[in-house]
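For what it's worth, the working numbering labels the leading residue of the sequence shown as 162, then goes sequentially.
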Amino acid sequence: MRMSSGWEDAQEELLMLEREKEDILNNLFQTVDMPAVLDLHARIASFSSEIKAVASVKKQADRVEELYRKALHLLRVALAAVVAPNYSGSIREFAVSSYPLAVEAGHLIEQACHVIQPEARRKYESFASELTHVRPPKFPQPVSDFARRSRTHYDPHSALSIEGMRNLHAAENVLILMQRLVIQKLEGIEKWQAKLTKDQEAAENAHAQMETRLQEQVAVLARSVSV
């Protein structure tokens, strides 16, 4: 508890010092009209906003990546069940093992579509557009119907069961297509993450450079005011 309190006190003190610095600079700017200093101050504010904006988008990209990695894990488990030596190849086994995992993976993909906010879509349209309108491949309707009804009743001789068997191979292929889709999207997300890291570093470097130049200009300004 003491460590947490000490850290919070340090953070609060840093914020107070930052505000005092801003007040001093603003007073100097109001005292002497120096366009170069005013321009630097405005550019620093711009880069500061850019850093915050990129950080916000980064959080969204991180969340999308997290959802896709969870989906990939579920699909790998689902596919592992299908290729396991003891897999019977029956529609019932598929319906109670792999199918629910794939459905959950589909829900995660759909959930990821709603994470990216409008501002991020505008700023990184080429990346965001690939992640906001994703439609996972659908299972054959007879398989979905069978999976839904077999939870309460299973009759291997029913027309629904027979039709489900005919579509089982297609349903197993859907797992492969879904995994391929998720891997493809994750590759795109990794490229987006690299771009975000690059943009963040560029904004931070530019911000630091402007801060250094501002300090130099303020030192000159302070000397001129004191004379």
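For each residue, glycine too, the CB sits at the ideal point set by N, CA and C. These numbers were taken from a predicted model, which means no experiment stands behind them.
Assigned with DSSP and collapsed to three states, T358 falls in helix. I212 has its alpha-carbon roughly 9 Å from the corresponding atom of A363. Taking a cut-off of 8 Å for Cβ pairs, the region 352-362 and the region 254-265 do not touch, as fewer than three such pairs fall below it. Around the beta carbon of H368, a 10 Å sphere encloses 16 or more other beta carbons of the protein chains shown; the residue is thus reported as buried. Inter-residue distance for E291 and G267 is about 16 Å (C-alpha atoms, whole angstroms). If you draw a straight line from the Cα of V343 to the Cα of Q370, it comes to about 40 Å. Inter-segment contact for the region 260-275 and the region 227-234 is present: three or more beta-carbon pairs are separated by less than 8 Å. With respect to the C-alpha of R224, the residue from E365, Q378, P303 and A289 having the closest C-alpha is A289. Relative to L262, the option among A308, A281, Q376 and R283 whose CA is nearest is A308. Residues A289, S290 and T293 of the same chain have their beta carbon placed closer than 8 Å to that of R282, with the five preceding and five following residues left out of the count.
Secondary structure note for Y260: its alpha helix (DSSP H) is the uninterrupted segment S259 to C274.
The shortest CA-to-CA distance from V218 to any of V276, S209, S249 and P298 is the one to V276.
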